[in-house]
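Numbering of the sequence shown is given in my numbering, commencing with residue 21 and proceeding in unit increments. Here a beta-carbon is modelled for each residue, glycine too, at the ideal position from N, C-alpha and C.
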Amino acid sequence: MQPTITIVKRNGLEMQINAEELVPGDIVRMRMGEKVPADCRLITCDGLQMNSSELTGESEPVQCGVKCTSLNFMESTNLVFYSSLIVQGSAETIVVNIGDDTVLGQVGELTRGTGGAEITGLYREINRFVMFVISAALTSVVLIWITWAAWLNVAQKGYIT
């Protein structure tokens, strides 16, 4: 469930627009119960708590504020990310990233991978191990068959007929 309608302030006027029409630099007003429509930086907030479990896996809501608390943008409490749920309070934010440029969009891009164009070291090692196991199995089958044909088959002639 992603937000479809959001309240945005453009040219000093508040209006409701589709979240898909947001652009970086838009001022967005958000309240409790809404999902964040884009990656945003807080301008003002009133007791804002966010649940970002879809992105971070944290089950507890995070208290947010307008002050930058960390150089790592994922740990700073003055940024809210696309698809996070506002569990308490309200905020006025400025949109910084939309669509595939959001943090969640970048995670999705990473999970899609490169389409098999890049062979990793792990992939090579797994391939080498599988080829070794197949070679060992085929060699064992051939040796067992030769042993049976040369020695056991001669000793047990009545067994075949």
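Local conformation of residue i per DSSP, three classes
i, result
"SER110", "strand"
"ASN98", "coil"
"MET21", "Only weak support exists for where MET21 lies, its pLDDT of 47 falling under 50; the coordinates are left without a value."
"ILE139", "coil"
"MET70", "strand"
"ASN92", "coil"
"LEU124", "helix"
"GLU105", "Before going on, a small fix: residue 105 reads as Leu here, not Glu. The answer is strand: DSSP assigns LEU105 an E or B state."
"ILE118", "coil"
"ASN31", "coil"
"ILE42", "Before going on, a small fix: residue 42 reads as Leu here, not Ile. Three-state DSSP puts LEU42 in coil, outside helix and strand."
Beta-carbon spacing of residue i, residue j below 8 Å
i, j, result
"ILE27", "VAL48", "yes"
"MET70", "VAL115", "no"
"ASP59", "ASN117", "yes"
"THR64", "GLU112", "yes"
"PRO57", "LEU33", "no"
"SER96", "SER104", "no"
"SER72", "VAL86", "no"
"GLY109", "ASP66", "yes"
Same chain, Cβ closer than 8 Å to residue i, neighbours up to 5 away in sequence not counted
i, result
"VAL123", "ASP59, LEU75, MET94, PHE101, TYR102 and ASN117"
"ILE164", "none"
"ARG30", "ASP46 and ILE47"
"ASN92", "none"
"GLN126", "ASP120"
Exposure of residue i, with buried meaning 16 or more beta-carbon neighbours within 10 Å
i, result
"ASP46", "buried"
"LEU62", "buried"
"CYS1", "With the chain running from 21 to 181 in the structure shown, residue 1 is simply not present."
8 Å Cβ cutoff, residue i in contact with chain D
i, result
"GLN36", "Among the chains in the structure shown there is no chain D, since it carries only a single protein chain."
Residues of its chain near residue i, where Cβ-Cβ distance is below 6 Å and the 5 sequence neighbours each way are ignored
i, result
"ILE37", "VAL28"
When the options are compared against residue i, the one with the closest alpha-carbon
i, options, result
"ARG51", "LEU68, THR159 and GLU78", "LEU68"
Own chain residues within Cβ distance below 7 Å of residue i, not counting five before or after
i, result
"ARG144", "none"
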